[in-house]
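Quick note, the sequences are listed as chains G and Y, same order.
Its first residue numbered 1, the first sequence is counted upward by one per residue in the working numbering.
Its first residue numbered 279, the second sequence is counted upward by one per residue in the working numbering.
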Amino acid sequence: MTTTKAPTIAPPVPLHADEEPHVTTKRAPKMRAKDISVFYGDKQALKDVSIEIHDDRVTAFIGPSGCGKSTFLRCLNRMNDTIPSARVAGRIELDGEDINAPAMDVVQLRARVGMVFQKPNPFPKSIYENVAYGPRIHGLTASRTELDETVEKSLKRAGLWDEVKDRLNESGTALSGGQQQRLCIARAIAVDPEVILMDEPCSALDPIATARIEELIHELRGRYAIAIVTHNMQQAARVSQRTAFFHLGELVEYGKTSDMFTNPREQRTQDYITGRYG
Amino acid sequence: MNSVASEAAITRWTGDAMQSRLRKRYRSERLFKLLGFAAVGISLAFLAFLLGTMLWKGAGGLSLGFLTMSDSTDPATAGVWGALKGSFLTIVVTMALAFPVGVLSAIYLEEFAARNRWTDMIEVSINNLAAVPSIIFGLLGLAVFLNFMHLPRSAPLVGGLTLALMTMPVIVIAGRNAIQAVPPSIREAALGVGASKMQVVFHHVLPLALPGILTGTIIGMARALGETAPLLMIGMRAFIAVPPSGITDPSSVLPVQIFLWSDEVDRAFVEKTSAAIIVLLVFMLMMNGLAIYLRNRFEQRW
C-alpha cells in the first residue's frame, strides 16, 4: 500500500496542535465534573473523576478498554440514565448548573450536549430527515426554507454536503461507514449544541474516513466544546489540546496533550503511551 | 523442537481418514435436506387434500345465491351471507379493540414500565393468557359481557369482545418481541439529539417495530377468525335467518355456520358445509394477503 496515492486523505495535521488561538483570557470551563463515581449494580466503573471541559478546546479521553472513559463521557449528557443499574455520584456542571439537579431538563441537556456514537447510527430515514429531525423536534426553524438551510449548513459543516446534495431523499443507511458517521455529526450539530461528545467516532472507519473526521474535528473546534473518547493514542495527539488518561476506572493523569505525550507525570501514563500495555 | 513430534502433528488433509470424514459430512447434509423436504411435503399434502376435497365437494354449492342468502332450514335457500357479514363485523370489533390495547400494552411494558417483580408477574400472566384454551375465554365472555354487563346475546359486539380478550396477549407478546428487536443504537441516536421518550417511541421505535407487530396481529386475527368454541358459549350458535345490520344484532359467524351445517342430517348440507369452508378460506386468504401487503409497505422504511 502506498501512502502517496490518496488524494482524498486530509493533509496531515501537525502533531500536538496545542496552540489555543481562541483563548485569550482565562474563562470558566464549559463543563466541570467533580468527584464522579459510577456504579453498575455493585461494580464500580469510575472512581472520583474530576475533569474540566473548555470551549475552544478538544479534550481527549484515552485508556485501555474497560477503563471507564466511555462511561464518563456518557455521564456528561446523562446517557447513563438509560441503563437501569447505573448510578452516578458526584457533581457535573454545565455553565455552572448542576446537570443532575431536578431543575435540569434532561431532554434540553441532551440537545445542548450532543453526542456522536462509536458505531454510526443514522436513522433509517432519508439523509435530509436525519439532519432535520433535531431542529424539527425542538422547533428551531420557523419554515421549510429555514429548515432546508439548517440541513444544508449542517451537512456543509460536517463536510458531507458535496457528496449528498443530489440525493438528500435517499436513505441515510445506504451511505458508506465514513459518510454515515459524518451524517451523524451533521445530525448532532444541526441542533446547535454547546458541547459535542464523541465516543470513539472513528473506531469503525478506515484510515481515509478517519482522517476526514479528524479534519472535521479541527474545523468544529472553536465553535463547540468537544470531548472525544479514543483508544487510538495518535488520534488523541493529533486532535486534542487536553488529554485525560483513564485506567481501571481512575483518572490517572489529565493535562495538556503535548505534556502528556512528551513528558507524562505518571509512570502508568508513560507505560500506556509507549505501548507497554493497553 | 523435536522433529518427530512436529511431524506427527501435521494434519493429513488428503489422507483416507479425512476423506471418509468428509463423505460422512456430505451424507448427513443430504439426509437433512431430504428430511426437510419431507416435512414440507407432509404439510403441503394435507393442504392439497383439504383444498381438493373441499373444491370437489363444495364447488357445486358455490353460487351467487349461496353468497347472498342467509341460513335457512331448507338447503336450497341456505346461504352464507349472514355468517360472512357476522364474521366481518366480529373481526372488526376484535381488531378495533385488541390492536390498540395490545400495542399500547407492549409499548408500556417495554419502554416505560420499571423492571421489577410486578412487571415480571405481568409478563408471566400474559404468556399464560396466550395459552389459555379458547373455550375458557368463551365462559369468561358469557359471565362478564352477558350475565354481568347484559350486552345483547349472539351479537358480533360480544363475540368481538370475547375474541379480543383472546387475541390481545398474542399481540402483546409479538409487539414486545418486535420492540425489543429495534436496535438500541437507534434509541440512543434519538435520545442524543434531545428527543423525549415519547418521541423516541413514536418517531423511531414504533415504525421499526410495526412489521413485527403486524405479523403477530395477523396470526392473532387469523386465529380469531377461525375460532368457534368461545362463540358457542356466548350464544352465536343460534339459528339466524336475517343477516345482521349492526354489531348489536344477533348473528352467526362462518366457523360456527360450518359447525352447524356439518351437524345437519340432510345430505344436501354436506355440499353447503364444503362451500362455506371455501368461503372461509378465501376470506382468510384475503385478510392475510392484505396484512402481508401492509407489512411489506412499512418494512421498506428500514
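Quick reminder that beta carbons are idealized off the backbone N, C-alpha and C, glycines included.
These numbers come from a predicted model, not from an experiment.
- S552 (chain Y) is not a Cβ neighbour of G343 (chain Y), given a cutoff of 8 Å.
- Closest in C-alpha terms to A421 (chain Y), from the list Y:G513, Y:S530, Y:L559, Y:V534, comes Y:G513.
- Relative to I92 (chain G), the option among G:F72, G:A86, G:V107 whose CA is nearest is G:F72.
- Looking at the backbone, the Cα of N394 (chain Y) and that of E401 (chain Y) are separated by about 11 Å.
- Going by beta carbons, V479 (chain Y) and I404 (chain Y) fall outside the 8 Å limit.
- A244 (chain G) and S154 (chain G) have their alpha carbons spaced roughly 29 Å apart.
- Annotated as proximal: R136 (chain G) and L147 (chain G), with beta-carbon spacing under 8 Å.
- In the three-state scheme derived from DSSP, where H, G and I count as helix and E and B as strand, K43 (chain G) is classed as strand.
- For S50 (chain G), the closest alpha carbon among the candidates G:R32, G:D56, G:V38 is that of G:R32.
- Put simply, the backbone Cα of I525 (chain Y) is about 42 Å away from that of A473 (chain Y).
- Excluding sequence positions up to five before and after G177 (chain G), its CB lies within less than 8 Å of the CB of P120, A204, L205, D206, A209, all in the same chain and listed in chain order.
- The Cβ-Cβ distance between T397 (chain Y) and L407 (chain Y) does not fall below 8 Å.
- Taking a beta-carbon distance threshold of 8 Å, E466 (chain Y) counts as an interface residue toward chain G.
- From the listed residues Y:L441, Y:A376, Y:L300, Y:E389, the smallest Cα separation to E505 (chain Y) is found for Y:L441.
- When only Cα atoms are considered, E194 (chain G) and V229 (chain G) end up about 18 Å apart.
- Using a Cβ-Cβ cut-off of 8 Å, Q234 (chain G) is close to nothing in chain Y; its nearest Cβ partner there is about 27 Å away.
- Under DSSP, the beta-bridge partners assigned to Y224 (chain G) are G:R221.
- A residue is called buried once 16 or more other Cβ atoms fall within 10 Å of its Cβ, and R167 (chain G), having fewer, is exposed.
- At a beta-carbon threshold of 9 Å, none of the residues of chain Y lie near Q267 (chain G); the nearest stands roughly 36 Å away.
- Taking 8 Å as the cut-off, the Cβ atoms of A356 (chain Y) and M347 (chain Y) count as close.
- The C-beta distance from V116 (chain G) to I185 (chain G) rounds to 5 Å, short enough to fall under 8 Å.
- In the DSSP assignment, L251 (chain G) is bridged to G:F246.
- Contacts with chain G at 8 Å (Cβ-Cβ) do not include V483 (chain Y).
- Cβ-Cβ separation between G453 (chain Y) and G494 (chain Y): approximately 6 Å, consistent with a contact (criterion under 8 Å).
- With respect to the C-alpha of D42 (chain G), the residue from G:A86, G:K69, G:G66, G:V58 having the closest C-alpha is G:A86.
- Looking at the DSSP output, V49 (chain G) bridges to G:I36.
- By the rule that beta-carbons nearer than 8 Å mark a contact, R515 (chain Y) does not touch chain G.
- By the CB criterion at 8 Å, G90 (chain G) and D35 (chain G) fall inside the cutoff.
- Excluding its 5 nearest sequence neighbours in each direction, A132 (chain G) has C-beta neighbours in its own chain below 6 Å: L147, V151, listed in chain order.
- Taken through DSSP and simplified to helix, strand or coil, R87 (chain G) comes out as strand.
- A distance of 8 Å or more separates the beta carbons of D349 (chain Y) and A433 (chain Y).
- Short of 8 Å from the beta carbon of L329 (chain Y), and not among the five residues preceding or following it, lie these beta carbons of its own chain, in chain order: L559.
- Closest option to M564 (chain Y), judged by alpha-carbon separation, among Y:L418, Y:A287, Y:A500, Y:I414: Y:A500.
- Counting the other CB atoms within 10 Å of its CB gives P522 (chain Y) a total of 16 or more, which places it among the buried residues.
- In the DSSP annotation of this structure, the continuous segment of the beta strand (DSSP E) that includes I196 (chain G) starts and ends at 195-199.
- Look at the stretch 447-477 of chain Y: the residues with a C-beta under 7 Å from a C-beta of chain G are S463, I464, E466, A467, L469, G470, V471, G472, A473, S474, Q477.
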